[in-house]
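A short write-up of the structure that comes next.
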Amino acid sequence: MKKVKADPKGVLTGAHYLDGDFAIAEGGLAAGCRFFAGYPITPSTETAERFAERIPYVGGVFIQMEDEIASILALIGASWAGVKSMTVTSGPGFSLMMENIGLACMMEVPLVIANVQRGGPSTGLPTLTGQGDMMQVKWGSHGDYEIIALSPDSPQECFDLTIKAFNLSEMYRVPAFIMTDECVGHMHEKVVIPPAEEIEVVNRKMYEGPKDKYLPYKPDKDHVPFMVKAGDGYRFHTTGLTHDERGYPVINAECQDWCVRHLVDKIRKNAHKIIEYKEDGMDGAEIVVVSYGITSRVAVKAIQDARKAGIKVGSLRLITVWPFPEERIKELAKKIKAFVVPEINLGQIRREVERCAFGQAPAIGVPHCGGWVHNPDDILRAIKEAAK
Amino acid sequence: MREIRFSGYGGQGVIRCGLITGKALSLFDDKFATMNQSIGPEARGSACSSQVVVSEDRVLYPYITRPEILVAMSQDAYEKYEPELREDGILIIDTDLVRMRPARGKIKVFGIPSTRFAEEMGNRIFANLVMLGFFTAVTKVVTPEAMKKALPGLVPSRFLDLNIRAFEKGYTYGLEQLSQTNIGVAEEKSKTPATKPTPAKARKGKK
Chain S
12 MKKVKADPKG VLTGAHYLDG DFAIAEGGLA AGCRFFAGYP ITPSTETAER
62 FAERIPYVGG VFIQMEDEIA SILALIGASW AGVKSMTVTS GPGFSLMMEN
112 IGLACMMEVP LVIANVQRGG PSTGLPTLTG QGDMMQVKWG SHGDYEIIAL
162 SPDSPQECFD LTIKAFNLSE MYRVPAFIMT DECVGHMHEK VVIPPAEEIE
212 VVNRKMYEGP KDKYLPYKPD KDHVPFMVKA GDGYRFHTTG LTHDERGYPV
262 INAECQDWCV RHLVDKIRKN AHKIIEYKED GMDGAEIVVV SYGITSRVAV
312 KAIQDARKAG IKVGSLRLIT VWPFPEERIK ELAKKIKAFV VPEINLGQIR
362 REVERCAFGQ APAIGVPHCG GWVHNPDDIL RAIKEAAK
Chain V
16 MREIRFSGYG GQGVIRCGLI TGKALSLFDD KFATMNQSIG PEARGSACSS
66 QVVVSEDRVL YPYITRPEIL VAMSQDAYEK YEPELREDGI LIIDTDLVRM
116 RPARGKIKVF GIPSTRFAEE MGNRIFANLV MLGFFTAVTK VVTPEAMKKA
166 LPGLVPSRFL DLNIRAFEKG YTYGLEQLSQ TNIGVAEEKS KTPATKPTPA
216 KARKGKK
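Below, the structure is given as structure tokens:
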């Protein structure tokens, strides 16, 4: 793992008025992404458009693929060739990507996928917002694996967190996700892009030993194996089948145990380094609002109103939704009266909070099927109810 | 906090109006402003709109709840969005394209033939900039300097001068209207009701 300054070619330094989708594209370019393969789908299309428009000036490749299945495969190839790669999608496109997201996890390929969530299931609400893919992003592909998912609440965070997603993805050789939504994706707001020398970019750990001794899946001390660039003369094999350190298929229970535990452990054992959340007003809080993405922004209004009404409310805003801040929820559950979890789905993260609270404090949901953001009054009502 | 809706039909540049205003406020007037637009099939050719929420602090709820200012550049848009305008709000119309009912409550009405002015300048494509100039003058939500600074990047560079001229045309017309009494303008408008449906009826059917 190498920390360097961003390549100024991709950094559009200055104050801009951008929507979240555009900001994701700019974040990717600033992080050093030089390959984008995707299939346009509302409400994520603007990211692809922006990338396609900007990439000739930065140097890199944009391909409009035949579908989302192929998009991920192209990313896997490009990433093994040593190029930071990303794609963007929504709704049905995300579902189509699932099989090859599993392949990327199994092959341990760094890549970034932005999901500008819309209302589902199926084609659902193409032009309206949702947060219904929060569990799909973690469990959508078959088998046991771990991923990293971040949730921005503004175009500025779309920019910042896309860089963070690339850095984490490179650090842990794992797909990282920007789980935003239509509201943030299409919301224009001020975005400040700092000078390149102020942006820290992480590049994957590269193997530098003898060419015939490279083991693509031998974990290093931090559980993450080294990478090489395909085409540089290193002899290696990579596959979606259960494999040993050399990357060759070994179809038995022992190797499965080693291989799958490694995929999971490299994230779980580093979770404390990956997890990021923002807390506010936790001192003496009786109620804690757990939220993420656009909902965490709307929730601030409800929290302010609740405090005016004399209720002691704290806020736990998830920046990384996965891995989940299990320990923090466990700690809080011992001290507080209840969690309130507003989200634009019918309780996906609420159940996760409930699981982590382990019966110490109830997790009260403020569900919403999608199509719009919460009315802050609905969240306020739930806070008041919980405080009774 | 102030809530503004620009509306018209797809192609008139009403989304651009929101973008320019939002950018001007956020980057040059030191305010917080979010801009959201209506997208999807309903925005192609029929009533379409952009919404700008302006605040001294970070905008927490990025959608309009009760707009204070409505700019209507087509009859459809007027019919669709006028009922949600606050009783003490400001209504701005293109007088050639919108035939309005008597104004409700204390709504202040300002009108400009923005499309005709743009055509006189050579191209109706500048109508949105004429309207923006007018909007800037009569609402004072944003400064004209910020609006002009916001234009590069949002209008084609070879037409920047023409866009600025269009803006100034609308701005000057706005200042002239302001120098007359506002109430006078509103009353004059309300004397010429042109459409049949009563406000209550129209309100029921829409939204």
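Just so you know, the sequences run in chain order S and V. Counting from 12, one number per residue, gives the positions in the first sequence under our numbering. Counting from 16, one number per residue, gives the positions in the second sequence under our numbering. Quick reminder that beta carbons are idealized off the backbone N, C-alpha and C, glycines included. Just so we're clear, the structure is a prediction, and the values are computed from it rather than from any experiment.
So which residues on chain S does residue i lean against when the C-beta distance must stay under 9 Å?
{"i": "Ser41 (chain V)", "result": "Ala26, Tyr28, His199, Glu200, Lys201"}
{"i": "Lys38 (chain V)", "result": "His27, Tyr28, His199, Lys201"}
Give me the chain V residues within the contact set of residue i, using Cβ-Cβ distance strictly less than 8 Å, ordered along the chain.
{"i": "Pro387 (chain S)", "result": "Leu75, Tyr76"}
Quick one: is residue i buried, meaning 16 or more other Cβ sit within 10 Å of its Cβ, or exposed?
{"i": "Val15 (chain S)", "result": "exposed"}
{"i": "Gln359 (chain S)", "result": "buried"}
{"i": "Trp333 (chain S)", "result": "buried"}
{"i": "Ala201 (chain V)", "result": "A caution first: Ala201 (chain V) carries a pLDDT of 46, below 50, which makes its placement in the model unreliable, though a value can still be read off. So Ala201 (chain V) ends up on the buried side."}
{"i": "Trp150 (chain S)", "result": "exposed"}
{"i": "Phe369 (chain S)", "result": "exposed"}
{"i": "Ile108 (chain V)", "result": "buried"}
{"i": "Ser194 (chain V)", "result": "exposed"}
{"i": "Ile262 (chain S)", "result": "exposed"}
{"i": "Asp144 (chain S)", "result": "buried"}
{"i": "Gly199 (chain V)", "result": "Residue placement at Gly199 (chain V) is poorly supported in this model, since its pLDDT is 45, which falls under 50; the coordinates are not used for a value here."}
{"i": "His283 (chain S)", "result": "exposed"}
{"i": "Leu179 (chain S)", "result": "buried"}
{"i": "Lys319 (chain S)", "result": "exposed"}
{"i": "Leu357 (chain S)", "result": "exposed"}
{"i": "Lys232 (chain S)", "result": "exposed"}
{"i": "Asp164 (chain S)", "result": "buried"}
{"i": "Gln167 (chain S)", "result": "buried"}
{"i": "His197 (chain S)", "result": "buried"}
{"i": "Ile35 (chain V)", "result": "buried"}
{"i": "Asp139 (chain S)", "result": "The sequence as given places Leu at residue 139 (chain S); Asp does not occur at that position. Buried, because 16 or more other Cβ atoms sit within 10 Å of the Cβ of Leu139 (chain S)."}
{"i": "Tyr228 (chain S)", "result": "buried"}
{"i": "Ala92 (chain S)", "result": "exposed"}
{"i": "His254 (chain S)", "result": "buried"}
{"i": "Arg308 (chain S)", "result": "buried"}
Which bits of chain S does residue i rub up against, with CB to CB less than 8 Å?
{"i": "Leu34 (chain V)", "result": "Tyr28, His199"}
Give me the chain V residues within the contact set of residue i, using Cβ-Cβ distance strictly less than 9 Å, ordered along the chain.
{"i": "Val194 (chain S)", "result": "Correcting the residue type first, residue 194 (chain S) is Cys in the shown sequence and not Val. Here the neighbours are Asn51, Pro77, Tyr78."}
Where does residue i sit, in a helix, a strand or coil, going by DSSP?
{"i": "His385 (chain S)", "result": "coil"}
{"i": "Val74 (chain V)", "result": "coil"}
{"i": "Asp176 (chain V)", "result": "helix"}
{"i": "Asn51 (chain V)", "result": "strand"}
{"i": "His27 (chain S)", "result": "strand"}
{"i": "Glu191 (chain V)", "result": "helix"}
{"i": "Gln27 (chain V)", "result": "coil"}
{"i": "Glu157 (chain S)", "result": "coil"}
{"i": "Met16 (chain V)", "result": "coil"}
{"i": "Glu337 (chain S)", "result": "helix"}
{"i": "Ile355 (chain S)", "result": "coil"}
{"i": "Gly199 (chain V)", "result": "The predicted position of Gly199 (chain V) is uncertain, since its pLDDT is 45 and thus under 50; a value taken from the coordinates is nonetheless stated next. Reduced to three states, the DSSP call for Gly199 (chain V) is helix."}
{"i": "Lys46 (chain V)", "result": "coil"}
{"i": "Val157 (chain V)", "result": "coil"}
{"i": "Met162 (chain V)", "result": "helix"}
{"i": "Ser65 (chain V)", "result": "strand"}
{"i": "Asn400 (chain S)", "result": "Chain S is shown from 12 up to 399; residue 400 (chain S) falls before or after that span and cannot be answered."}
{"i": "Lys149 (chain S)", "result": "helix"}
{"i": "Met109 (chain S)", "result": "helix"}
{"i": "Thr53 (chain S)", "result": "coil"}
{"i": "Ile360 (chain S)", "result": "helix"}
{"i": "Ile262 (chain S)", "result": "coil"}
{"i": "Leu169 (chain V)", "result": "coil"}
{"i": "Pro378 (chain S)", "result": "strand"}
{"i": "Lys16 (chain S)", "result": "strand"}
{"i": "Phe247 (chain S)", "result": "coil"}
{"i": "Phe369 (chain S)", "result": "coil"}
Chain V contacts from the region 58-71 of chain S (Cβ-Cβ distance under 9 Å) = none
Chain V contacts made by the region 301-312 of chain S, where a contact means CB separation under 9 Å | Ile305, Arg308, Val309, Ala310, Val311, Lys312
Can you give, in chain order, each stretch of the beta strand (DSSP E) that sits fully within the region 191-245 of chain S and has at least 3 residues?
-> 199-204, 211-214
Segments assigned alpha helix (DSSP H), at least 4 residues, entirely inside the region 68-144 of chain V = 90-96, 129-135
Complete runs of the beta strand (DSSP E) confined to the region 286-349 of chain S [at least 3 residues] | 288-291, 298-303, 324-329, 331-333
Only counting runs of 3 or more residues, tell me where the beta strand (DSSP E) segments fall wholly within the region 75-101 of chain S, in order along the chain.
-> 96-100
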